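Here the structure comes first, spelled out in structure tokens, and everything after it is commentary.
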Amino acid sequence: MSDNPFAPDVITAVAEHMSDEHDDDSLLIVRALGGVPEASEATVVHLDGTGVDFRVVVDGAERTVRVPWSRPLTERPEIRQEFVRMYQESAKALDIPPRQAGQH
Numbered sequence: 001m002s003d004n005p006f007a008p009d010v011i012t013a014v015a016e017h018m019s020d021e022h023d024d025d026s027l028l029i030v031r032a033l034g035g036v037p038e039a040s041e042a043t044v045v046h047l048d049g050t051g052v053d054f055r056v057v058v059d060g061a062e063r064t065v066r067v068p069w070s071r072p073l074t075e076r077p078e079i080r081q082e083f084v085r086m087y088q089e090s091a092k093a094l095d096i097p098p099r100q101a102g103q104h
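Just so it is clear: in the sequence shown, position 45 is 45 by the UniProt record's numbering, and no numbers are missing.
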């Protein structure tokens with residue numbers, strides 16, 4: 001049995017949602033919290049209870065960057081809460097005005 005609290009279908013759904021609806025957010029998170037300010041692309045490729053892995057492109061080269069959650073996660077609704085927190089923290093760190101709630 002895996003230690004990951006999230007089933008493969010949940011991981012796939014979250015990764016697809018982030019890619020389809022929040023690709024700019026992923027890039028912002030990787031630049032601010034992932035330590036890769038020069039990233040030109042960022043895509044969620046995996047997540048578990050301790051963090052999220054992004055496929056990042058820097059100068060045409062791909063690599064994986066892990067950004068930890070602020071706390072261990074065990075329930076699916078917590079994933080969204082953490083992405084919102086990371087987005088807001090990233091916007092603040094990069095001095096970018098965050099979107100208002102409900103805006104994509």
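Ideal Cβ placement from N, Cα and C applies to all residues, glycine included.
If you're wondering where the values come from, they're calculated on a predicted model, not measured in any experiment.
The bridge partners DSSP lists for Asp53 are His46, Arg66. Under DSSP, Val58 shares a beta bridge with Ala61. In the three-state reduction of the DSSP assignment, Glu38 falls in the coil class, being assigned neither a helical nor a strand state. By the CB criterion at 8 Å, Ala39 and Val52 fall outside the cutoff. DSSP places His17 in the uninterrupted alpha helix (DSSP H) bounded by 8-21. Of the residues Lys92, Pro77, Ala91, Asp95, the one whose Cα lies closest to the Cα of Ala13 is Pro77. In this structure, Leu47 is the residue among Leu47, Val67, Phe83, Ala93 with its C-alpha nearest to the C-alpha of Phe6. Here Glu82 is buried. Its C-beta has 16 or more other C-beta atoms within 10 Å. In the structure shown, Ile29 adopts helical secondary structure according to DSSP, grouped into three states.
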